[in-house]
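Accompanying notes for the structure given below.
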Amino acid sequence: MNPPSADKPDGKLAAPATPPAEWVRTLAAPLHRQRWWCFVFAALLLAFAVFKLWHGSWLDALAALAGALSAWFLYRAASVLSAAHASMLPADAQAGFAALARYFMLAAITSALGLLLLVVTVFAAVAQVAHGL
Amino acid sequence: MVSEPAMFADTAPAPLSASEAAAFAASIAPLAQATGWMRACGVLNGVLAVLLAITIIGLPFAGALGWVAFLEFRAASRLDAARRRPAAPEGLGLATAAVNDIAVHYIIQAVTTLVMVLLFLLLLSLIAPLLGHGSSIQDLLRGG
Chain A
-14 MNPPSADKPD GKLAAPATPP AEWVRTLAAP LHRQRWWCFV FAALLLAFAV FKLWHGSWLD
46 ALAALAGALS AWFLYRAASV LSAAHASMLP ADAQAGFAAL ARYFMLAAIT SALGLLLLVV
106 TVFAAVAQVA HGL
Chain B
146 MVSEPAMFAD TAPAPLSASE AAAFAASIAP LAQATGWMRA CGVLNGVLAV LLAITIIGLP
206 FAGALGWVAF LEFRAASRLD AARRRPAAPE GLGLATAAVN DIAVHYIIQA VTTLVMVLLF
266 LLLLSLIAPL LGHGSSIQDL LRGG
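These protein sequence lines map, in sequence, to chains A and B.
With the working numbering, the residue at position 106 of the first sequence is 91, and numbering never jumps.
Basically the working numbering = 1-based index in the second sequence + 145.
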């Protein structure tokens, strides 16, 4: 992140990092307060990923990989934003939100793969029943 | 308990200086650029909620997932609005309310997933003996 004062007209060098600010604490407070729920959910996502990997097909393995990565980014987002709540550094908040953004991307991919797996399973079951008839 | 999002807007501090507003905009930028993914999560959770609702037994879980989808959409809209107005108090209030929505959505997802896992294990332990797999959940999970 470029510090906002980087292009000062007086030619002085900008500060190397944006100083701590109270608004960072305000912004990070909700996720800092609920960080343990985030850790619990990340642990559950990881457990599901391990279960899927154990379960079988390559589609399961792909979903497991996306699930495990999303669990990591959620853990990182919650811990970094919790650190930002203490340090009040905008750079920490930015790093936390970047991890959260990656979590949402991977969560969408995991959910889409999960739905695809569900559709494949249902179609396979219907086909098996139709074949039996 | 989690406070109401409106509280953040009401208690937002005085307007930020130009440099602070720029730092604030840069801080929320990674998440504000991912609102498309947040809405995609909302749509997928909504679809899953409809599928669960069809099974009738899954209705309580469908309600929870529908709520999660709503919170994801609301957080995305608030972040988009905050990105357009980075100067406080509106921008900071909206972004904090969006972060609060995201925190609440994790609580619901964690509780729902925990309950679903416990119910799943309970169901397996009940049907395992009926299917002739002894009482071993592990055997049933491995497919007998």
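Backbone N, C-alpha and C fix where the C-beta goes; we use that ideal spot for every residue, glycine too.
Nothing here was measured: the structure is a model prediction, and the numbers come from that model.
Interface flag, residue i vs chain B, CB-CB below 7 Å
i: A:S96; result: yes
i: A:M73; result: no
i: A:F82; result: yes
i: A:W8; result: yes
i: A:A78; result: yes
i: A:F89; result: yes
i: A:W21; result: no
i: A:L47; result: no
i: A:L102; result: no
i: A:A92; result: yes
i: A:L12; result: yes
i: A:L29; result: yes
Cross-chain neighbours of residue i in chain B, by beta carbon under 7 Å
i: A:V25; result: A255
i: A:T3; result: A168
i: A:T106; result: Residues of chain B passing the Cβ test: none, with the nearest at roughly 12 Å.
Selection from the options that minimises the alpha carbon distance to residue i
i: B:L189; options: B:A170, B:G211, B:A242; result: B:G211
i: B:A167; options: B:I201, B:M183, B:A185, B:L237; result: B:L237
i: A:L38; options: A:F26, A:L66, A:V107, A:A53; result: A:A53
i: B:F215; options: B:P175, B:H250, B:V262, B:E165; result: B:H250
i: B:R219; options: B:A177, B:L196, B:L259; result: B:A177
i: A:F26; options: A:W8, A:A115, A:W57; result: A:W57
i: B:M183; options: A:H116, A:L47, A:A110, A:F82; result: A:F82
i: A:S10; options: A:A93, A:A86, A:H70; result: Note that residue 10 of chain A corresponds to Arg in the displayed sequence, not to Ser. Residue A:H70 is the option with its Cα nearest to A:R10.
Burial state of residue i (16 or more Cβ within 10 Å)
i: B:R223; result: buried
i: A:A112; result: exposed
i: B:A163; result: exposed
i: B:R229; result: exposed
i: B:S270; result: exposed
Chain A contact for residue i (CB, 7 Å cutoff)
i: B:I252; result: yes
i: B:T200; result: no
i: B:E165; result: yes
i: B:W182; result: yes
i: B:L267; result: no
i: B:A232; result: no
i: B:S270; result: no
Proximal chain B residues relative to residue i, where beta-carbon distance stays under 8 Å
i: A:L113; result: It should be pointed out that residue 113 of chain A corresponds to Gln in this sequence rather than to Leu. Correct list: empty, because the minimum Cβ distance to chain B is about 15 Å.
i: A:A86; result: P175, L176, Q178, A179, W182
i: A:L44; result: By Cβ distance, chain B contributes nothing, its closest Cβ being about 16 Å from A:L44, past 8 Å.
Proximal chain A residues relative to residue i, where beta-carbon distance stays under 7 Å
i: B:L161; result: W8
i: B:V192; result: L100
Amino acids of chain B, ordered along the chain, whose beta-carbon sits closer than 9 Å to that of residue i
i: A:L16; result: V244, N245, I247, A248, Y251
Nearest-angstrom Cβ-Cβ length linking residue i and residue j, presumed shorter than 8 Å
i: A:H17; j: A:S67; result: 5 Å
i: B:I253; j: B:V213; result: 5 Å
i: A:A86; j: A:R20; result: Contact flag wrong, Cβ pair sits at about 18 Å.
Cβ-heavy atom distance, residue i to the ligand SAH, below 6 Å
i: A:G99; result: Because no ligand of any kind appears in the structure shown, any question about the ligand SAH cannot be addressed here.
Chain A contact residues for residue i, given Cβ-Cβ distances below 8 Å
i: B:A240; result: L12
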